[in-house]
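Note sheet for the following structure.
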């Protein structure tokens, strides 16, 4: 294996050599038309290691090309001299470009292992396009404007890293692999394709961000973004305080994490074909949100010390799920299947229609499933759970909870703590869990089952004539059945258990 070494300097005055057997190229009053070196390997494994250095002032090269079957090329500024320009900089298989002040109008890199292009903070003028197609491509821009950055490598895995400086970029396109775009300056358009891509928009903002297939993440800061469009895949949008005009979610189960914004800013979030969620988990106060496509709503409700809309405004379309803050939230679903999560704080969750899942979290929460077959989890704290219509499942978890099944054959599980369980109408299944639990029955209760009766538990029966003496208590196989005016109570596995009037309350 042979490594051919080429070290040349462009200064606008002296001739620039090429490979052995090739003639040098001259400057003519600071002008050079075409400098080209192509290395063809004589044997497998032969490589070219080339370095082109730039110095001096006020010169121009029309086309500079160093390429080969297998080469590594370095292009670097030795100083920050003014008036240096390369119209077309063509890269080879692997390249490292580090320009302080030399202006490269077009930069093009063919396929290879890696291209790395850095434009320094002192660079003047603008770059029209940077096109790099190695397996991995790295671009860092400075304080000069770049019109187009277009990169992409074949295959999957770690991809390109594009860092946009204060000069800004008009359009960034990445193709394939898992790419990372960091915009510290203004970027008008960002377009990513396949792969799990990450886009970060800083204080200067953006006009439009569009992601393709894959599990993509878009994070914004204090800068305004007019439009964010996610593609297929499970995407995450972390919206900063700068807010956005519209977020359009594609297919896949997507998540939008909101941050408190200015009172006069708002965002419209439009869900896609998946199950989409909006989260307020980072907020510093509770929120009041309704899944209603017909309204713009205040993100933070009015309080005696807080103006309405103090954290911005919100419009939700085709969004299924909501996650609240660590404070007292009021979350309301719609007629579809929703998942509402309160997190910490004393929350109020209303499922409305549809088969909903409501999770209170820590705090004393109030959960109402509404219509539909609902699943309610109280979490830690003294919670109130109401099933509503149809067949609901209520789980109190920690704390002394109150569970009301409502209509339909419901399943109630108290969990830890001394809970109150009332199945309501329908043939219900009741499990008190640990603690001294109270089971409540009344008119139309139906034929209910208690799965874990203990001596610490008790019963409350309403609309029953005759008190304890009016009950019929009898063994049925291995179970104990209590018959009252509103139905029956079957204590599973409790045949032979003696109940007394002290175990009952009548109202």
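Residue numbers (my numbering): 127 to 633. Just so it is clear, CB atoms sit at the ideal spot from N, CA and C, and this is done for glycine as well.
Return the chain-ordered list of same chain residues with a C-beta closer than 6 Å to the C-beta of residue 560, the five sequence neighbours on each side being excluded. 542
DSSP on residue 613, reduced to helix/strand/coil? Correct three-state label for residue 613: strand.
On the criterion of 16 or more Cβ atoms from any shown chain inside 10 Å, does residue 628 qualify as buried, or is it exposed? exposed
Pull the bridge partners of residue 333 from the DSSP assignment, please. None, per the DSSP bridge assignment.
So residue 259 is in the beta strand (DSSP E); what residue range does that whole segment cover? Per DSSP, residue 259 belongs to no beta strand (DSSP E) and is neither H nor E.
Please name the residue in 356, 254, 482 and 218 whose C-alpha comes closest to that of residue 267. 254
I'd like to know whether the C-beta atoms of residue 263 and residue 244 end up nearer to each other than 7 Å. no
How many Å lie between residue 486 and residue 459 at the Cα? 14 Å
Where DSSP assigns a beta bridge to residue 600, which residues make up the other side? 607
Could you please give the first and the last residue of the uninterrupted beta strand (DSSP E) stretch that includes residue 590? Residue 590 -> no beta strand (DSSP E), and no H or E assigned at all.
Can you pull the DSSP bridge partners for residue 467? DSSP, once it has assigned bridges, lists 449 and 485 as partnering residue 467.
Since residue 210 is in the beta strand (DSSP E), which residue starts that stretch and which ends it? 210-217
Go ahead and pull the three-state DSSP assignment for residue 562. coil
Alpha carbon to alpha carbon, how far is residue 619 from residue 544? 21 Å
Please identify the residue among 237, 201 and 234 whose C-alpha is closest to the C-alpha of residue 222. 201
Going straight from the alpha carbon of residue 139 to that of residue 183, what length do you get? 10 Å
Reduced DSSP category for residue 178 - H, G, I as helix; E, B as strand; rest coil: strand
Is residue 414 buried or exposed, if buried means 16 or more other CB atoms sit within 10 Å of its CB? Under this definition residue 414 is a buried residue.
Is the stretch 376-384 close to the stretch 398-410, with three or more CB pairs under 8 Å? With a cut-off of 8 Å, the stretch 398-410 and the stretch 376-384 count as touching, because enough Cβ pairs lie within range.
Close-in-space but distant-in-sequence residues of the same chain around residue 610 (CB under 7 Å, 5 per side omitted): Closer than 7 Å at the Cβ level, and outside the excluded window around residue 610, lie 567, 587, 590 and 597.
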